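Visitor: Going by the numbering used here, the sequence shown opens with residue 54, and the numbers climb by one from there.
Every residue gets a Cβ at the ideal spot worked out from N, C-alpha and C, and that includes glycine.
Quantities reported herein were computed from a predicted structural model and do not represent experimental measurements.
A single structure is presented below for examination.
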Amino acid sequence: MASRTDLLAWLNELLQINYTKVEQCGGGGAYCQVIDSIYGDVPMKRVKMNAKHEYEYIANFKVLQNVFKAKKIDKPIPVEKLVKCKMQYAAMRRFIDNLEFLQWIKRFWDANYGGQGYDAVGRREGAVVDTPATIAPLATGRSGSAGNLSLGGRAGGKTPVGGHRSGSAASNETVQLLQGQVKELSGHLEGLEKERDFYFEKLREIEILVQQQLEAHEAAGKEDETLRKIQAILYSTEEGFEVPDGAAPIDEEETF
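Encoded structure:
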């Protein structure tokens with residue numbers, strides 16, 4: 054099963070985007086375009102890659118559902134779970150739901166993508182895909198890279214401090230030191246993310262097992278207090294966490 058890091062790397066390369074969180078897939082646009090890379094006939098003009106509101110997310114998923122129906126793809130799309138953030142444990146749940154669906158999308162793509170070239174930017178007609186600001190990759194192995202190192206898209210190193218270039222050697226040493234630190238921190242971060250994904254998967258499996266057992270007990274007219282307590286622990290939140298005052302109750306899952 055692909056990890057969060059591997060899935061995002063694949064998605065960003067295929068679609069030429071810069072997603073940093075699995076939850077960003079909850080807008081529906083990326084899922085639509087992955088399917089478009091397979092068939093090439095998803096109506097991308099109707100897909101809002103820069104969706105910011107829930108109604109826009111739902112509209113994107115409606116496009117995806119129509120494509121699934123037309124292609125006879127037998128896979129329910131849990132729209133409500135993928136886009137909603139109204140439950141107390143919303144952050145974890147939305148991450149898990151989108152991770153599971155993205156993993157399925159990746160398996161489907163692996164099984165059906167024909168290897169043809171795909172112009173992701175052209176298919177969405179150059180529409181900009183907004184993503185959280187990130188630090189741009191450090192330039193290496195390029196002409197003038199040490200003197201033109203840029204962070205967040207800003208060009209630097211073009212105006213010598215004090216009008217002199219004598220400090221360039223020291224600047225190069227500083228850049229190399231920073232690059233080493235960034236690489237080390239990136240390694241630590243990737244390890245933490247994999248560990249987090251591992252434990253989320255374990256919790257998800259436990260949640261499903263508990264739910265199945267509770268449903269079986271209810272069907273038999275029985276009650277298991279231990280299972281109820283386990284479920285309560287899974288759905289509990291950290292001390293100090295508060296649900297926003299304006300949070301509306303969870304709507305019934307929408308169908309199209």
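What did DSSP end up calling N119 once you bin it into helix, strand or coil?
Guide: Locating residue 119 in the sequence shown gives position 66, counting from the first residue. It is helical.
Visitor: How would you label K247, buried or exposed, when you count the other beta carbons within 10 angstroms and need 16 or more for buried?
Guide: Working through the sequence shown from its first residue, we reach residue 247 at position 194. Flag for K247 reads exposed.
Visitor: By the DSSP assignment, the alpha helix (DSSP H) with I88 in it spans what residues?
Guide: For the purposes of this step, residue 88 is taken as the residue at position 35 of the sequence shown. That run of the alpha helix (DSSP H) goes 82-92.
Visitor: Identify the continuous alpha helix (DSSP H) that holds Y288 and give its terminal residues.
Guide: In the sequence shown, counting from the first residue as 1, residue 288 sits at position 235. From DSSP, the alpha helix (DSSP H) with Y288 extends over 278-288.
Visitor: Here's the rule I'm using: 16 or more other beta-carbon atoms within 10 Å means buried, otherwise exposed. How should K282 be labelled?
Guide: Position 229 of the sequence shown, counted from the start, is the residue given in the question as residue 282. K282 should be labelled exposed.
Visitor: Is the Cβ-Cβ distance between K128 and W157 less than 8 Å?
Guide: Here residue 128 is taken as the residue at index 75 of the sequence shown, counted from 1. Here residue 157 is taken as the residue at index 104 of the sequence shown, counted from 1. Taking a C-beta distance under 8 Å as the contact criterion, K128 and W157 qualify as a contact pair.
Visitor: State buried or exposed for N165, treating a residue as buried only when at least 16 other CB atoms are found within 10 Å of its CB.
Guide: Residue numbering aside, residue 165 sits at position 112 when the sequence shown is read from its first letter. N165 is exposed by the Cβ-count criterion.
Visitor: May I ask you to report which of helix, strand or coil DSSP gives H106?
Guide: Here the question's residue 106 lines up with position 53 in the sequence shown. Three-state result, H106: coil.
Visitor: Counting along the chain, where does the alpha helix (DSSP H) carrying E133 start and finish?
Guide: For the purposes of this step, residue 133 is taken as residue 80 along the sequence shown, with counting starting at 1. Looking at the DSSP string, the run of the alpha helix (DSSP H) that includes E133 is 132-136.
Visitor: Taking V95 as part of the alpha helix (DSSP H), name the residues at either end of that continuous run.
Guide: On the sequence shown, residue 95 is found 42 positions in, with the first residue counted as 1. Counting along the chain, V95 falls outside any alpha helix (DSSP H), and DSSP gives it neither H nor E.
Visitor: Can you tell me whether V75 is buried or exposed? The criterion is at least 16 other CB atoms within 10 Å of its CB, across all chains shown.
Guide: By 1-based counting over the sequence shown, the position of residue 75 is 22. So V75 ends up on the buried side.
Visitor: So, do the stretch 82-93 and the stretch 167-182 have three or more beta carbon pairs nearer to each other than 8 Å?
Guide: yes
Visitor: Got a sec? Which residues, its chain only, sit under 7 Å from G79 by beta carbon, not counting five neighbours each side?
Guide: In the sequence shown, the residue the question calls residue 79 occupies position 26. Excluding residues within five positions, the ones whose Cβ falls inside 7 Å are Y110, L135, V136, R147, N151.
Visitor: For A112 versus K101, is the C-beta spacing smaller than 8 Å?
Guide: Start at 1 with the first residue of the sequence shown, and residue 112 comes out as number 59. Start at 1 with the first residue of the sequence shown, and residue 101 comes out as number 48. Yes. Within cutoff.
Visitor: Can you grab the Cα-Cα spacing for the pair K160 / V120, in whole Å?
Guide: Indexing the sequence shown from 1 puts residue 160 at position 107. Indexing the sequence shown from 1 puts residue 120 at position 67. Note on residue identity: the sequence assigns Arg, not Lys, to residue 160. Using only the alpha carbons, I get a separation of about 17 Å.
Visitor: Compute the Euclidean distance between the alpha carbons of L238 and I70, then round it to the nearest angstrom.
Guide: Mapped onto the sequence shown, residue 238 falls at position 185. Mapped onto the sequence shown, residue 70 falls at position 17. Between L238 and I70, the C-alpha separation is close to 23 Å.
Visitor: Where do the N-terminal and C-terminal ends of the alpha helix (DSSP H) with N65 fall, by residue?
Guide: Here residue 65 corresponds to residue number 12 of the sequence shown, with the count starting at 1. Unbroken alpha helix (DSSP H) run through N65: 57-68.
Visitor: I'd like to check one pair, F253 with M145: are the Cβ atoms closer than 8 Å?
Guide: Mapped onto the sequence shown, residue 145 falls at position 92. Mapped onto the sequence shown, residue 253 falls at position 200. Result yes, Cβ atoms of M145 and F253 sit closer than 8 Å.
Visitor: Pull up the distance between the alpha-carbon of E395 and that of L287, whole angstroms please.
Guide: Coverage of the chain is limited to positions 54 through 309, which leaves residue 395 absent and any answer about it impossible.
Visitor: Would you mind stating whether Q266 and L256 have Cβ atoms separated by less than 8 Å?
Guide: Here residue 266 corresponds to residue number 213 of the sequence shown, with the count starting at 1. Here residue 256 corresponds to residue number 203 of the sequence shown, with the count starting at 1. No, Cβ-Cβ distance for Q266 and L256 is not below 8 Å.
Visitor: Excluding five sequence neighbours on each side, which residues of the same chain lie with their C-beta closer than 8 Å to the C-beta of Q264?
Guide: Here the question's residue 264 lines up with position 211 in the sequence shown. Excluding residues within five positions, the ones whose Cβ falls inside 8 Å are Q284.
Visitor: Would P64 and C85 be called neighbours here (beta carbons separated by less than 8 Å)?
Guide: To locate residue 64, count along the sequence shown from 1; it is residue 11. To locate residue 85, count along the sequence shown from 1; it is residue 32. Note that residue 64 is Leu in the sequence shown here, rather than Pro. Cβ atoms of L64 and C85: not closer than 8 Å.
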